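Engineer: I have a structure I would like to understand better, so I am pasting it below and will then ask my questions one at a time.
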């Protein structure tokens, strides 16, 4: 009973911090502060994932979301201006209406989804029992997440690695001129 | 930051710790949270810290761009190559069972191989992206 209460308290605290950070991001105009708040937002999400027992996802969110993304966004900021352009003077009534209706529809939709961790929900009934019951004897890997990621869903993970590889090639082609230049300089020197 | 002695000393001590943690996450992914993706990101963070403190030119001497490009492709090739190897052994693409006489052992080897491929590819690509951004001057 006490642990449930503590869990609820942690959930409420983390979600409140998440909402506060999101509102602060909307209201800020200094891009440096916004990037730092994005990092804090990611860290809170990672905390929420830990509370939901998704340690692998939390790990990725903390390393990629709070770590690398923040560094890359700071690197981008170093190339541009520190402040947002001035806000447009007109009021955005139509977008507000669209956002309110879409948000309302989404909240209405949540009444239909199964409650968190419901063992009878369709997502838990499909292939998950097989993964939980047999991944250890079939792959010999204790961490079910790794077994699913690397063995049962190996194709998907290969696709993900190729996506990351493509992102690297794209960045190299678009803004990696220094890579070519430093090579040329070395050739000129030598 | 070339003259900041405290930062330089701390960064020098932190670099091996971060790198060691990355390898722990890489090879302990079978038993605890973690795996190639996280390990690759953490390893690249070690080099990013090095770059921030010692400057881009020093970092480029440690890890030249052509090495990074080869590493990124090697990672993807290890992953896809494992799949092709299992096909050549008469199975399906990425069917690790055939990599060893015992299917469970084969699965273990296969998962280890592709996780190493992921780790190499992710860390190299993250560093390529970071160097590309850090190497540009403000226009």
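Protein chains in written order, with the working numbering: chain A, 3 to 192; chain B, 2 to 140. Every residue gets a Cβ at the ideal spot worked out from N, C-alpha and C, and that includes glycine. Since we're looking at a predicted model, the values are computed, not measured.
Against chain B, with Cβ distances strictly below 8 Å, would residue 173 of chain A count as a contact?
Structural biologist: So, interface residue.
Engineer: Sorted by chain position, which residues of the same chain lie with C-beta nearer than 7 Å to residue 136 of chain B's C-beta, five sequence neighbours on each side aside?
Structural biologist: So the qualifying residues of the chain are 57.
Engineer: I need the DSSP call for residue 67 of chain B, collapsed to helix, strand or coil.
Structural biologist: It is helical.
Engineer: Please decide whether residue 77 of chain A counts as near chain B, where near means a Cβ-Cβ distance under 8 Å.
Structural biologist: Chain B, which has a Cβ nearer than 8 Å to the Cβ of residue 77 of chain A, makes this yes.
Engineer: Hey, does residue 108 of chain B have any beta-carbon neighbour from chain A nearer than 8 Å?
Structural biologist: By this cut-off, residue 108 of chain B is an interface position.
Engineer: Mind reading off the beta-carbon distance from residue 11 of chain A to residue 26 of chain A? Whole number of angstroms is fine, and I expect it under 8 Å.
Structural biologist: Actually they are not in contact, since the Cβ atoms of residue 11 of chain A and residue 26 of chain A sit about 22 Å apart, beyond 8 Å.
Engineer: Considering residue 110 of chain A, what are the terminal residues of the alpha helix (DSSP H) in which it resides?
Structural biologist: From DSSP, the alpha helix (DSSP H) with residue 110 of chain A extends over 95 to 112.
Engineer: Chain B beta carbons: is any one of them nearer than 8 Å to that of residue 70 of chain A?
Structural biologist: It does; some Cβ of chain B falls within 8 Å.
Engineer: Can you give the Cα-Cα distance for residue 174 of chain A and residue 6 of chain A, rounded to whole angstroms?
Structural biologist: One C-alpha to the other measures close to 49 Å.
Engineer: Along chain A, which residues have their Cβ under 8 Å away from the Cβ of residue 34 of chain B?
Structural biologist: In chain order: 57, 58, 60, 61, 145 and 147.
Engineer: Name the residue from A:147, A:160, A:134 and A:112 whose alpha carbon lies nearest to the alpha carbon of residue 122 of chain B.
Structural biologist: Among A:147, A:160, A:134 and A:112, the Cα nearest to that of residue 122 of chain B is on A:160.
Engineer: Judging by CA-CA distance, which residue of A:15, A:156 and A:14 is the nearest neighbour of residue 85 of chain B?
Structural biologist: With distances taken between Cα atoms, residue 85 of chain B lies closest to A:156.
Engineer: Does the beta carbon of residue 104 of chain A come closer than 8 Å to any beta carbon on chain B?
Structural biologist: Not an interface residue.
Engineer: Name the two residues that bound the continuous alpha helix (DSSP H) containing residue 46 of chain A.
Structural biologist: Unbroken alpha helix (DSSP H) run through residue 46 of chain A: 33 to 53.
Engineer: If we call anything under 8 Å between Cβ atoms a contact, is residue 41 of chain A one with residue 42 of chain B?
Structural biologist: No, they are not a contact pair.
Engineer: Which of the three DSSP states is assigned to residue 109 of chain B in this structure?
Structural biologist: Helix.
Engineer: Please name the residue, chosen from B:25, B:31 and B:53, that lies closest to residue 40 of chain B on a Cα-to-Cα basis.
Structural biologist: Here the closest residue by C-alpha is B:25.
Engineer: Check the Cβ of residue 53 of chain A against every Cβ in chain B and list those closer than 7 Å, keeping chain order.
Structural biologist: By Cβ distance, chain B contributes nothing, its closest Cβ being about 14 Å from residue 53 of chain A, past 7 Å.
Engineer: Out of curiosity, what's the CA-to-CA distance linking residue 85 of chain A and residue 75 of chain A?
Structural biologist: So the alpha carbons of these two residues sit roughly 14 Å apart.
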